[in-house]
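The numbering used here puts the sequence shown at residues 483 to 625.
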Amino acid sequence: MKSLKLFLIAIGVLLLISIGGYFAYQHFLGPGQTKGEEELPTIDQVLEKSVDTENITTNFANGGFIKTKFKIITTSPKNAEEVKKLQFLVESSIIKTINRMTKEESVGSAGITLIEENVKEELNKELGEKYVTRVYLTDELIQ
């Protein structure tokens, strides 16, 4: 009789641990999600956090010029509004960045990526760390 009671208590404890583990899994990880996975933003959310620049024409360090246009994605809609107000600073940062580059560095897909990364770094340096999450070069004419 004593061993039957002990057996039933052990089964009850195991059942409680199993049920608790199941609910903890559902609560913290959820179905189809792994821990640390972020939900991708919708198109509308990205557009709320984005700013388009005017056409910017500037020279390269070694001669020639480029006419560009950018889409800047910020960390929040509030930051996007601030970037719109600081358009002069954005344009100045872009011009400084491109003026340091050579015409050859900016050619091709690797050149576009280099321009985008350099502009992002320069803007985050000017506006504050992690202000800009991504920069897209949307129009480019090199001569």
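Backbone N, C-alpha and C define an ideal beta-carbon position, used for all residues, glycine too.
From a predicted model like this one, the values you see are computed outputs, not experimental measurements.
| Check | Outcome |
| --- | --- |
| Output needed for residue 536: all residues of its chain with C-beta closer than 6 Å, excluding positions within five of it in sequence on either side, in chain order. | none |
| For residue 485, is the classification buried or exposed, using 16 other Cβ atoms within 10 angstroms of its Cβ as the cut-off for buried? | exposed |
| In the structure shown, what three-state DSSP assignment does residue 507 receive? | helix |
| Alpha carbons only, please: which of 589, 538, 550 is nearest the one belonging to residue 570? | 538 |
| At 4 residues or longer, what runs of the alpha helix (DSSP H) sit wholly inside the stretch 522–546? | 525–530 |
| Quickly, what does DSSP pair residue 616 with across the bridge? List them, please. | 555 |
| Between residue 609 and residue 501, what straight-line distance do the alpha-carbon atoms span, to the nearest angstrom? | 50 Å |
| By the DSSP assignment, the alpha helix (DSSP H) with residue 571 in it spans what residues? | 569–581 |
| Under 8 Å by Cβ, that's how I've got residue 556 and residue 613 pegged, so tell me the actual separation to the nearest angstrom. | 6 Å |
| Report all residues from its chain with a CB closer than 7 Å to the CB of residue 540; omit the five preceding and five following residues, and keep chain order. | 547, 548, 577, 580, 581 |
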